[in-house]
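Heads up, the sequence shown is in my numbering, so the first residue is 1064 and it goes up one at a time. Structure, as structure tokens:
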Amino acid sequence: MDYKQYIAEKIKVEGVTQDEIYSLIALPPNTEMGDYAIPCFKFAKIFRKSPAMIAEELKAGISTDDIISEVSAVNGYLNFKINKDGFVRATLDKILSEKDAFGSSNEGAGKTVCIDYSSINIAKPFHIGHLSTTVLGGALYRIFNYLGYKAVGINHLGDYGTQFGKLISAYKRWGDKETVEKGGIRALNELYVRFHKEAEEHPEYDDEARAYFKKIEQGDEECQQLFTWFKALTLKDVQKIYDMLDIHFDSYAGESFYSDKMQPVVDELRAKNLLVESRGAQVVDLEEYGMPPCIILKSDGSSLYATRDMAAATYRKNEYDFYKCLYVVAYQQNLHFKQFFKVLELMGKDWAKDLVHVAYGMVSLEEGTMSTRKGNVVFLEDVIAKCIEKAYGVIDGKNPNLENKEDVAKKVGVGAVIFGALYNSKIKDIVFSYDKVLNFDGETSVYVQYTCARANSVLQKGGVVTEFEIPTLSAEEIELVKALSVFPETVKAAAEKYEPSFIARFAVDVAKQFNKFYFDCKILAAEDEKTKNFRLALTNATLQTLKNAFALLGIGIPDKM
Ligand code: ARG
């Protein structure tokens, strides 16, 4: 139940809406004062009285009931105490009956949200820079589905451009089938890098590459076949990573998919008088909006990244009739999105307002953690593998007799990578540090996982309890229940602000509150049966809630650690 809402409904102030009152309701610094408080100086203009008098006046109009046990006016604040027994009962009953669905809703029923994420480039390494888009997008995909939306995951493959002509040229000159088949992305990338080096001395290679790209476009059989093969090899390689991170897509329609869908966009731009010529190129002038022109066609008539994105957005609107279309892409591309969103708006597409660039910051590796020789990219696969290896070391040190150590290390290592990218507000740049993400006592996934293992072990010994009575409650118990109770609104806010970090922080907060409870209140050795039973139910509800939260982030929870 939403207590803030309940309180807001009890307060009537002329000229102030219920939503405004709702947003004024805050959590007092300590629970002694109350569970919720309203600062009355906000109403000073309306009442023309001191906040203290306003608080008294409002207090007189509110009666206590089953839910609100006490109202007090202190220093211009109106404080509310919630009937703790009722609150605890309602929260735990909800969690224990809804189970895996606790936190979900159907508010998004009938609405589709397209999420363009990960969107890798064919034959290019899947490096640490792709981590955020992949795990942020993956989390948003699950979060929106959890709220009843239909999420459509789209991997907008970078599979168009002269670089594929270069790759064919390089393969034909130096490649062989077996090496490439075995080496996958790494082998393709080596060919590509070699091409660039050698083309410096042999500019004619570049001409050849252009010719090959043209051939791909024209559907030349051999070139098409090679290109399709490169694509398959790339996808096979990254699938390993997607499997580890629990990432799914509903569509792999990449840039080349729009080859034949751009002309209508160009035609429409022309018909609407939006295209102007600039040094031979066809552009949309955006000076009025403080942006450089959006280039639609180069002087040789070839399309650009933006052209393809406009065709893609149009296609998605027709195909999915999206409520929102999200692009989980680094902030380096801010201008690109602002430009083509604006051009679509100028074309009169009213749905342009539903396109959202979900921008995020850069991830770099802490200096010295892995060889990053110049020009040598850090493969995400290697980062994950190293994290799993380190996790294994830590687990083995702590609990050498643990069963399934490999499996646990995998959940801990992969979780650390995901959590490392999701814990901070997405726009922040992150420096990835193995020690930090694997710290058992930090604000980390392993801290949460370890807390779950602790809860699980208690339940193993005491039993998985769902029926309980309310004993005399301790402050730790109430705080823990409060922490759990905000999960549904946290999930909702995470979707609204495109911030899976809200859920990551929520999980850490719950884990901290649980550990306080665990150390201050005896569970199995509680003073009486009623208290023990209640504490087991509370432990059960905590574990359930943490599982739900972590499932949304794509992180597994080992039973034992
Ligand atoms: N492949 C692009 C890159 O790596 C990202 C594509 C993002 N999606 C989009 N519709 N532009 O930079």
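We put the CB at the ideal spot given by N, CA and C, even for glycine. Quick caveat, the model's predicted, so the values are computed rather than measured.
With 16 other Cβ atoms within 10 Å as the buried cut-off, status of residue i
i, result
"V1494", "exposed"
"E1263", "exposed"
"H1265", "exposed"
"A1479", "buried"
"Y1352", "exposed"
"V1339", "exposed"
"A1334", "exposed"
"P1092", "exposed"
"L1220", "buried"
"L1090", "exposed"
"G1476", "buried"
"R1436", "Unreliable positioning characterises R1436 in this predicted model, as indicated by a pLDDT of 40, which lies under 50. A coordinate reading is not provided."
"G1282", "exposed"
"H1098", "In the sequence as displayed, the identity of residue 1098 is Asp instead of His. D1098 should be labelled buried."
"S1232", "buried"
"R1517", "buried"
"L1155", "buried"
"L1398", "exposed"
"I1109", "exposed"
"D1622", "exposed"
"E1540", "buried"
Residues sharing a beta bridge with residue i, DSSP
i, result
"T1080", "In the DSSP output, where bridge partners are listed per residue, T1080 has none listed."
"S1135", "N1142"
"E1340", "Q1345"
"K1387", "V1176"
"C1357", "V1347"
"H1420", "Y1390"
"Y1099", "F1143"
"A1089", "A1100"
"V1500", "According to DSSP, V1500 bridges with nothing at all."
"L1332", "DSSP, once it has assigned bridges, lists no residue as partnering L1332."
"V1426", "I1493"
"E1314", "According to the sequence provided, residue 1314 is Ser. The question's Glu does not apply to it. Answer is I1217."
"S1366", "L1360"
C-alpha distance - residue i paired with residue j, whole-angstrom precision
i, j, result
"F1615", "Y1268", "The displayed chain sequence assigns Leu, not Phe, to residue 1615. The alpha-carbon atoms of L1615 and Y1268 are separated by roughly 48 Å."
"L1337", "P1563", "38 Å"
"N1626", "Q1576", "No information on residue 1626 is available, as it lies outside the stretch 1064 to 1624 that the chain covers here."
"A1186", "D1504", "39 Å"
"E1350", "K1405", "12 Å"
"E1289", "F1569", "According to the sequence provided, residue 1289 is Leu. The question's Glu does not apply to it. Near 48 Å, if we compare the C-alpha coordinates of F1569 and L1289."
"T1175", "T1377", "15 Å"
"L1599", "I1586", "7 Å"
"I1627", "N1381", "Beyond the ends of the chain as shown, which are 1064 and 1624, falls residue 1627; an answer cannot be given."
"K1593", "M1624", "29 Å"
"G1526", "L1601", "12 Å"
"Y1581", "A1588", "11 Å"
"L1194", "I1304", "10 Å"
"D1148", "P1534", "9 Å"
"L1230", "W1292", "12 Å"
"L1443", "Q1068", "45 Å"
"F1276", "Y1255", "14 Å"
"I1217", "S1362", "31 Å"
"I1359", "I1183", "22 Å"
"I1145", "A1422", "40 Å"
"G1317", "N1596", "55 Å"
"L1409", "L1087", "39 Å"
"Y1386", "T1080", "28 Å"
"K1213", "W1414", "18 Å"
"S1434", "Y1180", "Low confidence applies to S1434: its pLDDT is 42, below 50, so where it sits in the model is not reliable, and the reading given next is rough at best. Computed Cα separation, rounded: 28 Å."
"K1260", "D1445", "25 Å"
Cβ-Cβ separation, residue j to residue i (assumed contact under 8 Å), whole Å
i, j, result
"V1391", "T1529", "That pair is no contact at about 38 Å."
"L1501", "K1453", "6 Å"
"T1608", "V1573", "6 Å"
"S1389", "I1178", "The sequence as given places Leu at residue 1389; Ser does not occur at that position. About 5 Å; that satisfies the 8 Å criterion."
"I1481", "G1617", "6 Å"
"A1100", "K1122", "Going by Cβ atoms, the distance from A1100 to K1122 rounds to 12 Å, so no, they are not a contact pair."
"M1325", "R1371", "7 Å"
"F1104", "G1078", "Going by Cβ atoms, the distance from F1104 to G1078 rounds to 16 Å, so no, they are not a contact pair."
"V1440", "L1428", "Actually they are not in contact, since the Cβ atoms of V1440 and L1428 sit about 11 Å apart, beyond 8 Å."
"L1547", "A1604", "6 Å"
beta-carbon residue i near ligand 3 non-hydrogen atom, thresh 6 Å
i, result
"S1182", "The model on display carries ligand 1 but not ligand 3."
7 Å Cβ cutoff, residue i in contact with chain B
i, result
"G1166", "Checking the listed chains, one finds no chain B in this structure; it contains a single protein chain."
> Which whole runs of the beta strand (DSSP E) in the region 1442-1496 are 3 residues long or more, in chain order?
Replying inline: 1493-1495
> Which ranges would you report for the beta strand (DSSP E) in the region 1145-1230 if only whole runs of at least 3 residues count?
Replying inline: 1175-1179, 1213-1217
>> If we require 4 or more residues per run, which alpha helix (DSSP H) segments fall completely within the region 1502-1571?
In response: 1508-1525, 1538-1548, 1550-1559
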